[in-house]
Every structure is written in structure tokens, then in C-alpha cells.
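Structure record follows, encoded as C-alpha cells.
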Amino acid sequence: MGGVMGHGLDAAVDMNAYRSMLRYVASTDLPPHRVLRQLDAAVSEEGTGRPARATCRRRCSARTAAAR
């Protein structure tokens with residue numbers, strides 16, 4: 001996850017809300033692009049959040065990495 005624009009308590013509250021939404025959406029086992037799309041839709045629906053940036057990183061097991 002990236003970060004939100006701004007500093008202070010309000011930015012920290014928004015960042016916590018975004019992280020919670022991300023964890024929930026990521027638990028559905030969607031591919032990364034769909035997770036970001038769902039997260040964007042959820043944040044947009046609220047309409048009260050501040051702009052944020054997000055980064056996806058793929059993690060794989062040693063066995064999966066060795067197979068590549």
C-alpha cells in the first residue's frame with residue numbers, strides 16, 4: 001500500500017481505513033488489478049477520503065520462484 005496525501009490525524013485515519021479496505025478486498029483472492037479496481041471503487045463510493053497512491057507487489061513461495 002502507498003500513502004495518502006497530507007499529514008496529521010486526518011491523514012492517519014484515512015490511511016487506516018484504506019488499509020482495512022485493502023485487506024478485505026485482497027482476502028477475496030482476486031488478481032492484483034481487480035483488487036486495485038475494487039479498492040478504487042470502494043474509496044470513490046465513500047467520497048470523503050483523500051487522494052492516495054497504491055502499489056502492488058507479488059509475493060511467491062521459494063518453490064514457485066524456483067519453477068520460473
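Just so it is clear: in the sequence shown, position 55 is 55 by the working numbering, and no numbers are missing.
Heads up, the beta-carbon is just placed ideally off N, CA and C, and yes, glycines get one too.
Everything numeric in this text was worked out from a predicted model, so none of it was measured.
- What's the call for V13, buried or exposed, on a 16-neighbour Cβ count within 10 Å? Numbered from 1 along the sequence shown, position 13 holds the residue referred to as residue 13. Exposed, because fewer than 16 other Cβ atoms sit within 10 Å of the Cβ of V13.
- Message: Quick check on the DSSP output: the alpha helix (DSSP H) that includes D40 runs from which residue to which?
- Response: To locate residue 40, count along the sequence shown from 1; it is residue 40. Segment 32-46, the alpha helix (DSSP H) holding D40.
- Message: Measuring straight from C-alpha to C-alpha, what distance separates Y24 and A17?
- Response: On the sequence shown, residue 24 is found 24 positions in, with the first residue counted as 1. On the sequence shown, residue 17 is found 17 positions in, with the first residue counted as 1. Rounded to the nearest angstrom, the two C-alpha atoms are 11 Å apart.
- Task: Would you kindly work out how many angstroms separate the C-alpha atoms of S44 and L22, rounded to a whole number?
- Result: One-based indexing of the sequence shown puts residue 44 at position 44. One-based indexing of the sequence shown puts residue 22 at position 22. Approximately 14 Å between the Cα atoms of the pair.
- Task: State the Cα-Cα distance for the pair R34 and T28, rounded to the nearest angstrom.
- Result: The residue you call residue 34 lines up with position 34 of the sequence shown. The residue you call residue 28 lines up with position 28 of the sequence shown. C-alpha separation (whole angstroms): 10 Å.
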